[in-house]
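Numbering (this note's numbering), first residue to last: 207 to 535. Backbone N, C-alpha and C fix where the C-beta goes; we use that ideal spot for every residue, glycine too. Source: prediction; values computed, not measured. Have a look at the structure below, then the notes.
Quick look at the structure:
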């Protein structure tokens with residue numbers, strides 16, 4: 207931190223935390239520059255050098271770098287850090303509990319949706335965490351983390367299970383379209399097409415029905431958890447290859463309100479429940495979605511007319527240069 211501002215250690219804790227969370231790109235570069243020199247004895251002169259170097263890093267090197275950088279970014283006893291961009295008014299340091307931050311973020315997102323589409327109907331707040339990435343120390347060890355509402359976590363498991371079932375019933379793969387990889391407007395065109403050995407229309411219909419099922423299940427589960435208001439957290443390790451990773455699955459918004467950001471792990475442990483309850487729900491949902499997919503597949507094979515073309519607005523996807531560079535930052 208001294209590399210970025212020599213006065214840092216003369217400030218009180220609140221000012222230090224605000225500085226860590228709201229630092230601009232120039233300050234962040236200076237800190238990372240010093241950390242890389244200390245950890246790896248490597249020098250970078252500018253942002254371009256840094257990006258080139260990070261592209262050569264392997265997962266253990268990234269883990270070491272991110273663990274060290276957490277000291278310059280996290281807040282509270284566990285150095286908790288949400289790995290997402292913050293506007294000034296959304297900075298984590300401004301909120302006492304995870305619930306306050308999540309509710310504020312939900313309202314901000316709803317306002318943004320309405321600003322883009324005046325016909326948009328704001329959704330009620332029932333907890334909005336949806337695999338939000340975080341980093342923290344747990345008993346002194348660095349962890350990556352994913353924060354979920356239980357309804358969204360279960361939907362992600364239903365999604366994986368359903369797509370596996372669809373792949374079994376209608377094997378398919380994605381192949382480059384005629385425009386894939388072409389340079390366009392400061393980026394690269396993304397144009398992958400599905401190949402289902404002549405059953406593309408049937409696959410599309412099955413995917414559409416499955417999508418509607420996913421939306422309905424998430425909403426039903428969210429309503430259920432919100433009404434039950436168990437105020438519970440399911441906490442379990444789910445490592446990504448060699449990276450330490452923890453899942454935090456909150457049943458409802460009352461659980462979020464019980465977790466103070468600066469005492470994150472202590473409060474999480476107070477409301478932690480038996481994961482077997484979540485696993486039982488997960489198994490029920492998986493069995494249900496496999497039955498749904500099988501039934502819809504038979505219905506499509508028996509009654510669907512693949513010659514009917516579904517009208518859709520055409521979309522062009524262009525990946526901007528460098529758009530994915532910061533995913534591991």
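{"Item": "Nearest-angstrom Cβ-Cβ length linking residue 454 and residue 352, presumed shorter than 8 Å", "Value": "7 Å"}
{"Item": "Same chain only: Cβ atoms within 6 Å of residue 212, ignoring 5 sequence neighbours per side", "Value": "none"}
{"Item": "Meets three-Cβ-pair contact criterion under 8 Å: the region 390-399 and the region 481-501", "Value": "no"}
{"Item": "Reduced DSSP secondary structure (H/G/I, E/B, other) of residue 150", "Value": "Lying before the first or after the last residue shown, residue 150 is absent from the chain, which here runs from 207 to 535."}
{"Item": "Proximal residues to residue 412 (C-beta, below 7 Å), its chain only, five neighbours per side dropped", "Value": "372, 376, 502, 503, 506"}
{"Item": "Cβ neighbours of residue 401 in the same chain (closer than 8 Å, five flanking residues each side left out)", "Value": "378, 379, 380, 381"}
{"Item": "C-alpha gap between residue 398 and residue 386, whole angstroms", "Value": "6 Å"}
{"Item": "Run of the beta strand (DSSP E) containing residue 355, from where it starts to where it stops", "Value": "347-355"}
{"Item": "Simplified DSSP assignment, three categories, for residue 436", "Value": "coil"}
{"Item": "Status (buried if at least 16 other CB within 10 Å, exposed otherwise) for residue 438", "Value": "buried"}
{"Item": "Segment limits, beta strand (DSSP E) that includes residue 498", "Value": "Premise fails: residue 498 lies in the alpha helix (DSSP H), 481-509, not in any beta strand (DSSP E)."}
{"Item": "Option in 337, 290, 285 with minimal Cα separation from residue 346", "Value": "285"}
{"Item": "Residue burial classification, residue 186 (beta-carbon count within 10 angstroms, cutoff 16)", "Value": "Residue 186 lies beyond the stretch modelled for the chain, which goes from 207 to 535, so this question has no answer here."}
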